[in-house]
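Undergrad: In numbering that gives the first Met the number 0, the protein residues as written are 0 to 269. Please find one structure pasted underneath; my questions will follow.
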Amino acid sequence: MKYKIVNASGQTCNKFWIWTHYIADAIECKHKVIILNPDMTFNDYPGLMNNKYLKFPLFIKYYVNFFGYKNYIRAIDKLITNRFTSRLLFLLKYLKIDYEKPYSGSYFSIHKEKHNKQIKEMFEPSKEIIRSCKAEFSKHKSDYYIGVHIRRGDYKTFKNGKYYYSIEDYNNILKRLLKQFAGNLKVSVFISSNEEIDLSKFEDINCFLLPNGSVTKDLYGLSMCDYIIGPPSTFSSWASYIGDKKIFFIRDLEKDVKINEFKDSLTIWQ
């Protein structure tokens, strides 16, 4: 049995995108992938813990319960990123053990498309999270749902704030987009953000948030929408991939957003 050790970098969805390619190879070639650094959201995905292709050797439930989940994950990150550990891991190649430290977009598996269905099943959130999201969406029954990813926080400095749009910008974009739906259709807008959002800022738009929101809930909520829109981000494109929904990246505030210009999670980056 062949093992491949993967130490992926980046935030949640950067890691998830990276993992999908190594999982695809593992399914195709019948080997195992050892993930050194579980993501903060790892506990929300039972399918990641319980499958025959992925192993998380540093995720030990006793210590997780003792130290607390987030504290333990932070400790793992510190352990595997210190200089001494990094040098030891580098030496694995001399033992003919595959060790890779990929970043987002650095590796693409030719088997991914073939195994997409099985991969997506591994990334299905817990039943509790799914129930919670569906219950909230049911309160806003509509003909169409638009998922908006309002990326704030780190985007204030990312690319010198190029994609750090104001709430007014999102409000204007949504108004233009909603005009493209027939007047007899009810359209609701689900908003996902890494900052608190005041829904009253969205004039004459039926908007809602998920209560007790989290990264996993927001991703699943976006994946439930018919259309997803936001700045270029692996976060919203991951939701597009998982839900098999069309997505549009806002790159130019002056450009009109047209429904027929929404793309899938792969072609959106082209």
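Glycine residues also receive a C-beta, built at the ideal position from the N, C-alpha and C atoms.
Is W268 buried or exposed, if buried means 16 or more other CB atoms sit within 10 Å of its CB?
TA: For the purposes of this step, residue 268 is identified with residue 269 of the sequence shown, where counting begins at 1. So W268 ends up on the exposed side.
Undergrad: Measure the alpha-carbon distance for A134 versus L173 and round it to whole angstroms.
TA: As a working mapping, residue 134 is identified with position 135 in the sequence shown. As a working mapping, residue 173 is identified with position 174 in the sequence shown. When rounded, the distance between both Cα atoms is 24 Å.
Undergrad: Would you tell me roughly how many angstroms separate the C-alpha atoms of K185 and K178, rounded to the nearest one?
TA: Taking the sequence shown and counting its residues from 1, the one referred to as residue 185 is at position 186. Taking the sequence shown and counting its residues from 1, the one referred to as residue 178 is at position 179. For K185 and K178, the distance between alpha carbons rounds to 12 Å.
Undergrad: Can you tell me whether D38 is buried or exposed, with buried defined as 16 or more other CB within 10 angstroms of its CB?
TA: In the sequence shown, residue 38 corresponds to position 39, counting from 1. Classification for D38: buried.
Undergrad: Roughly how many angstroms separate the alpha carbons of N205 and L87, rounded to a whole number?
TA: What you label residue 205 is simply residue 206 of the sequence shown in a count that begins at 1. What you label residue 87 is simply residue 88 of the sequence shown in a count that begins at 1. If I take the Cα positions, the gap works out to 54 Å.
Undergrad: Rounded C-beta distance between T40 and V214? I'm assuming under 8 Å.
TA: Position 41 of the sequence shown, counted from the start, is the residue given in the question as residue 40. Position 215 of the sequence shown, counted from the start, is the residue given in the question as residue 214. Yes, they are in contact, since the Cβ atoms of T40 and V214 sit about 5 Å apart, within 8 Å.
Undergrad: So, with DSSP's three-state summary, where would you put D153?
TA: Taking the first residue of the sequence shown as position 1, residue 153 is located at position 154. It is helical.
Undergrad: Verify whether the separation of the beta carbon atoms of Y240 and G146 is less than 8 Å.
TA: Looking up residue 240 in the sequence shown gives position 241. Looking up residue 146 in the sequence shown gives position 147. Taking 8 Å as the Cβ cut-off, Y240 and G146 do not qualify as a contacting pair.
Undergrad: Could you have a look at I17 and say whether DSSP puts it in helix, strand or coil?
TA: Here residue 17 refers to the residue found at position 18 when the sequence shown is read from its first residue. Of the three classes helix, strand and coil, the one that applies to I17 here is helix, per DSSP.
Undergrad: Taking the alpha carbon of K100 as the point to measure from, which residue in E260, Y21, V5, F248 has its own alpha carbon closest?
TA: Taking the sequence shown and counting its residues from 1, one reaches residue 100 at position 101. Per the Cα distances, V5.
Undergrad: Considering Cα atoms alone, identify which of I228, Y21, G160, R175 is closest to D203.
TA: Residue mapping note: residue 203 aligns to position 204 of the sequence shown, counting from 1. Nearest of I228, Y21, G160, R175 to D203, Cα basis: R175.
Undergrad: Mind the definition here: the stretch 110-124 touches the stretch 12-29 only if three or more C-beta pairs lie below 8 Å; say whether that holds.
TA: Yes, since at least three Cβ pairs between the stretch 110-124 and the stretch 12-29 fall closer than 8 Å, the two stretches touch.
Undergrad: Might you give, ordered along the chain, the residues of its own chain that have their beta carbon closer than 6 Å to the beta carbon of K242, omitting 5 neighbours on each side?
TA: In the sequence shown, counting from the first residue as 1, residue 242 sits at position 243. The displayed chain sequence assigns Gly, not Lys, to residue 242. Answer for G242: S222, listed in chain order.
Undergrad: Locate the alpha helix (DSSP H) running through Y169, then write down its first and last residues.
TA: In the sequence shown, the residue the question calls residue 169 occupies position 170. 166-177 is the extent of the alpha helix (DSSP H) around Y169.
Undergrad: Would you mind stating whether A23 and S108 have Cβ atoms separated by less than 8 Å?
TA: As a position in the sequence shown, residue 23 is number 24, starting the count at 1. As a position in the sequence shown, residue 108 is number 109, starting the count at 1. Taking 8 Å as the Cβ cut-off, A23 and S108 qualify as a contacting pair.
Undergrad: For I246, name the three-state secondary structure that DSSP assigns.
TA: Position 247 of the sequence shown, counting from 1, holds the residue named residue 246. Strand at I246.
Undergrad: Does the stretch 45-61 come within contact of the stretch 128-143, defined as at least 3 CB pairs closer than 8 Å?
TA: Taking 8 Å as the limit for Cβ pairs, the verdict is that the stretch 128-143 does not touch the stretch 45-61.
Undergrad: Spatial neighbours of I196 within its chain, please: C-beta separation below 8 Å, excluding the five flanking residues on both sides.
TA: Walking along the sequence shown from the start, residue 196 turns up at place 197. Answer for I196: I149, I166, I190, L208, listed in chain order.
Undergrad: Y62 and Y71: beta carbons closer than 8 Å?
TA: For the purposes of this step, residue 62 is taken as residue 63 along the sequence shown, with counting starting at 1. For the purposes of this step, residue 71 is taken as residue 72 along the sequence shown, with counting starting at 1. Yes, the pair counts as a contact, with Cβ atoms nearer than the cut-off.
Undergrad: If we ignore side chains and look at the alpha-carbon of each, how far apart do F122 and G46 end up?
TA: Taking the sequence shown and counting its residues from 1, one reaches residue 122 at position 123. Taking the sequence shown and counting its residues from 1, one reaches residue 46 at position 47. Taking the straight line from one Cα to the other gives about 6 Å.
Undergrad: On the criterion of 16 or more Cβ atoms from any shown chain inside 10 Å, does P124 qualify as buried, or is it exposed?
TA: Here residue 124 refers to the residue found at position 125 of the sequence shown. Burial call: buried.
Undergrad: What residues in its chain sit with their C-beta under 7 Å from that of S232, if we drop five residues either side in the sequence?
TA: Within the sequence shown, residue 232 is the residue found at index 233, counting from 1. The answer, listed in chain order, is H148, R150.
Undergrad: Going by CA-CA distance only, name the one from S264, R250, E253 that's closest to W237.
TA: Along the sequence shown, read from residue 1 onward, the residue named residue 237 stands at position 238. Comparing Cα positions, the closest option is S264.
Undergrad: Can you grab the Cα-Cα spacing for the pair F55 / Y143, in whole Å?
TA: Along the sequence shown, read from residue 1 onward, the residue named residue 55 stands at position 56. Along the sequence shown, read from residue 1 onward, the residue named residue 143 stands at position 144. Going from the Cα of F55 to the Cα of Y143 covers about 39 Å.
Undergrad: Judging by CA-CA distance, which residue of N81, Q10, K1, D43 is the nearest neighbour of A25?
TA: Your numbering for residue 25 matches position 26 in the sequence shown. Taking only the C-alpha atoms, the option nearest A25 is K1.
Undergrad: With distances taken between CB atoms, is the gap from I246 to K262 smaller than 8 Å?
TA: Here the question's residue 246 lines up with position 247 in the sequence shown. Here the question's residue 262 lines up with position 263 in the sequence shown. Yes, the Cβ-Cβ distance between I246 and K262 is below 8 Å.
Undergrad: Within 7 Å: the Cβ of N64 and any heavy atom of the ligand PLP?
TA: This structure simply doesn't include the ligand PLP, nor any ligand for that matter.
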